[in-house]
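Visitor:
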Amino acid sequence: MKKALLLAAALAAAATGATAAGIESVAYNELVMSISREKAPVVSGRYVVFTAAGTARHVGISFEHENYRRIHSLKRLTRLDESGKPRLDETGNGVNSVLFFIAEVPPSVDTLRYRMVIDGLWTVDPLNASSEYDYENGMRVSTVAVERYEPFKTKEADGGLVRFACEARAGSSIRLAGTFNNWDPFMYEMEETAPGRYEIYLPLPRGTWYYAFFEGMSQLPDTTNEERVYTKDGRVASVVRVN
């Protein structure tokens, strides 16, 4: 019965919300369907579901990783009556409605810090007992512990290493070559750390290095790195800079 009451509103919210939030629509829809009432933030994989009481006219949320410069408006999820129509009060708001926002956890973060603005007043999240004082900005903020993850991309790592990351067919033999090994396509074989994901760590001195991935003699682009150049021999190469 609860799912029936929420279905129409959930799908309507998902139709526009997924694109706006940059979240894959199926995952977004499933998260919306899991909302039944306002409660403390719920972490689901790389997403966090925030809710607020539907009695508020407007609720916004802003995050530390966006420097609190952007306010995301919570969407309203309204229960339907037995005829399938939303139950509204005299102000036009849904009866027994709940406001929600689904945030994607950014990489390299283990704690989400945020504030809410409820009907024009800034506040910590009244449904979240976890908060701390932000001395840099001079305000109290709410916090949510999340699982930290690193983006799958080529970049300079700790300890003087560069992490090279390649996405290709699962079960392939992928190798790395570049200006650091005179473009030898057989010297460095990458490890498949997950299906279709290959990695290798190399110590490289400071400077700008050109590189590419190879499957046999076929060159593969680094799809995780948008910076590319044409070398003198006409090769398209990706670029990594070591500071």
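Residue numbering for the sequence shown follows our numbering, beginning at 2 and increasing consecutively. Using N, Cα and C, we set each Cβ at its ideal position, and we do this for glycine too. Please read these numbers as outputs of a predicted model, since none were measured by experiment.
To the nearest angstrom, report how far apart residue 76 and residue 100 are at their CA atoms.
Guide: Answer to the nearest angstrom: the Cα atoms are 5 angstroms apart.
Visitor: Between the alpha carbons of residue 70 and residue 62, how many angstroms are there, rounded?
Guide: The straight-line gap from Cα to Cα measures roughly 10 angstroms.
Visitor: Report the option in 183, 142, 189, 169 whose CA atom is closest to the CA atom of residue 197.
Guide: Looking at the Cα atoms, 169 is the closest of the given residues.
Visitor: Report the rounded CA-to-CA distance for residue 26 versus residue 72, giving the unit in angstroms.
Guide: Rounded to the nearest angstrom, the two C-alpha atoms are 22 angstroms apart.
Visitor: Determine the DSSP secondary structure at residue 225, reduced to helix, strand or coil.
Guide: Of the three classes helix, strand and coil, the one that applies to residue 225 here is coil, per DSSP.
Visitor: Do residue 43 and residue 106 have their beta-carbon atoms positioned less than 7 angstroms apart in this structure?
Guide: Against a cut-off of 7 angstroms, the Cβ pair of residue 43 and residue 106 comes out as no contact.
Visitor: Return the chain-ordered list of same chain residues with a C-beta closer than 7 angstroms to the C-beta of residue 66, the five sequence neighbours on each side being excluded.
Guide: Result list for residue 66: 107, 110, in chain order.
Visitor: Looking at the unbroken alpha helix (DSSP H) that takes in residue 106, where does it start and where does it end?
Guide: Residue 106 -> no alpha helix (DSSP H), and no H or E assigned at all.
Visitor: Quick check on this structure: which residue in 188, 171, 74 has the alpha carbon closest to the alpha carbon of residue 121?
Guide: Among 188, 171, 74, the Cα nearest to that of residue 121 belongs to 74.
Visitor: Along the alpha helix (DSSP H) that carries residue 69, what are the first and last residues, could you check?
Guide: Careful: residue 69 lies outside any alpha helix (DSSP H) and carries neither H nor E.
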